[in-house]
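Participant: Okay, handing you the structure first.
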Amino acid sequence: RKEVEQDPGPFNVPEGATVAFNCTYSNSASQSFFWYRQDCRKEPKLLMSVYSSGNEDGRFTAQLNRASQYISLLIRDSKLSDSATYLCVEEGYNAGNMLTFGGGTRLMVKP
Amino acid sequence: DTAVSQTPKYLVTQMGNDKSIKCEQNLGHDTMYWYKQDSKKFLKIMFSYNNKELIINETVPNRFSPKSPDKAHLNLHINSLELGDSAVYFCASSQFSGAGSTGELFFGEGSRLTVL
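Residue numbers (this note's numbering), protein chains in the order written: chain A, 1 to 111; chain B, 112 to 227.
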């Protein structure tokens, strides 16, 4: 079983739409979670951290549901520039605080 | 001024050859990593070094040998290349390793390796 699972998509949405991705994780002891964004043929970059109380940054909202072991990312008012792959990341408290990446969810925002 | 730089960006080589990828970070971070991203886009950690010391060594063939001459550099040498080694290799660095990690990795632009 994969440790961090995501729907690979693609999610095709029109500009202005609201879109949400979920990600499930298997390690109930994991403490920290993140969303990274990866543009086509580029390196991943941190989008936002996911806190237990939720986290909002402009049009982006991240939530953590520990009971069901999933995290979510909500994007409101989608822009063409939001088209990318969104990687869900879990941080385990073991040697080196290893980050485990999901396979990513691809979002394509259309005009 | 690139924070994490790796060379070469593209590498095409024959099976059985030996190749190296170099990585340097100018962020003053203590921890550096090598990740492999395969054709299905899964990003898997290979190695992690903290202040030149190996702290994570995932299940990677021993044909892969990392070397960290100082905390700003982490190179990856691959012996006897195989077709399955074709992937994008990302170097990354972070400020902390251990409790209190920010979780932010700063990645290089990637080195796309194609083995023919």
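Even glycine gets a Cβ: it sits at the ideal position worked out from N, Cα and C.
(1) Would you grab the beta carbon distance between Q69 of chain A and Y25 of chain A for me? Rounded to a whole angstrom, and I think it's under 8 Å.
(2) Find the nearest neighbour of N22 of chain A within the set A:S81, A:I75, A:M108 and A:L99, judged by alpha-carbon distance.
(3) Just to make sure I have the definition right: I need the residues of chain B whose C-beta is within less than 8 Å of the C-beta of P44 of chain A. Which are they?
(4) Does I132 of chain B have its Cβ less than 8 Å from a Cβ in chain A?
(5) Under 8 Å between C-beta atoms, does K151 of chain B make it to chain A?
(6) So does the stretch 155–174 of chain B actually touch the stretch 114–128 of chain B, counting three or more Cβ pairs closer than 8 Å?
(7) Put D82 of chain A into one of helix, strand or coil per three-state DSSP.
(8) Hey, how far is the Cα of T225 of chain B from the Cα of S191 of chain B?
(9) Following a CB-centred definition, is V199 of chain B positioned closer than 7 Å to any heavy atom of the ligand PLP?
(10) Does the CB of M48 of chain A have a neighbour CB from chain B at under 8 Å?
(11) So, does the CB of I167 of chain B fall closer than 8 Å to a CB anywhere in chain A?
(12) Here's the rule: buried if 16 or more other CB atoms are within 10 angstroms of the residue's CB, otherwise exposed. What is L80 of chain A?
(13) What residues of chain A sit near G195 of chain B, judged by a beta carbon separation below 7 Å?
(14) Just the chain A side, please: which residues come within less than 7 Å of G139 of chain B by C-beta, in chain order?
(15) Put L224 of chain B into one of helix, strand or coil per three-state DSSP.
(16) Provide the residue(s) that pair with M143 of chain B in DSSP beta bridges, ordered along the chain.
(17) Starting from the beta carbon of G103 of chain A, find every residue of chain B whose beta carbon is closer than 7 Å, and list them in chain order.
(18) How would you write the range of the beta strand (DSSP E) that K45 of chain A sits in, first residue to last?
(19) Cα separation between L227 of chain B and A114 of chain B?
(20) Could you check whether the Cβ of L87 of chain A sits closer than 8 Å to any Cβ belonging to chain B?
(21) Given a cut-off of 8 Å on the beta-carbon distance, is the pair S179 of chain B and I167 of chain B in contact?
(22) The beta strand (DSSP E) that contains R106 of chain A, what's its start and end?
(23) If I measure Cβ to Cβ from H184 of chain B and keep anything under 6 Å in the same chain, skipping five residues before and after, which residues do I get?
Facilitator: Checking against the coordinates, here is how it stands:
(1) 5 Å
(2) A:I75
(3) L154, F201, L216 and F218
(4) No, no contact with chain A.
(5) yes
(6) no
(7) helix
(8) 13 Å
(9) The ligand content of the structure shown is nil, which means the ligand PLP is not present either.
(10) Taking Cβ atoms only, chain B never reaches closer than 8 Å to M48 of chain A, which makes this a no.
(11) yes
(12) exposed
(13) Going along chain A, no residue has its Cβ under 7 Å from G195 of chain B, so there is no contact; the nearest lies around 18 Å.
(14) Near G139 of chain B there are no residues of chain A at all, since even the closest Cβ is about 18 Å away, more than 7 Å.
(15) strand
(16) In the DSSP assignment, M143 of chain B is bridged to B:Y160 and B:S204.
(17) K151, K152 and F153
(18) Per DSSP, K45 of chain A belongs to the beta strand (DSSP E) from P44 to V50.
(19) 31 Å
(20) yes
(21) no
(22) From DSSP, the beta strand (DSSP E) with R106 of chain A extends over T105 to K110.
(23) E135
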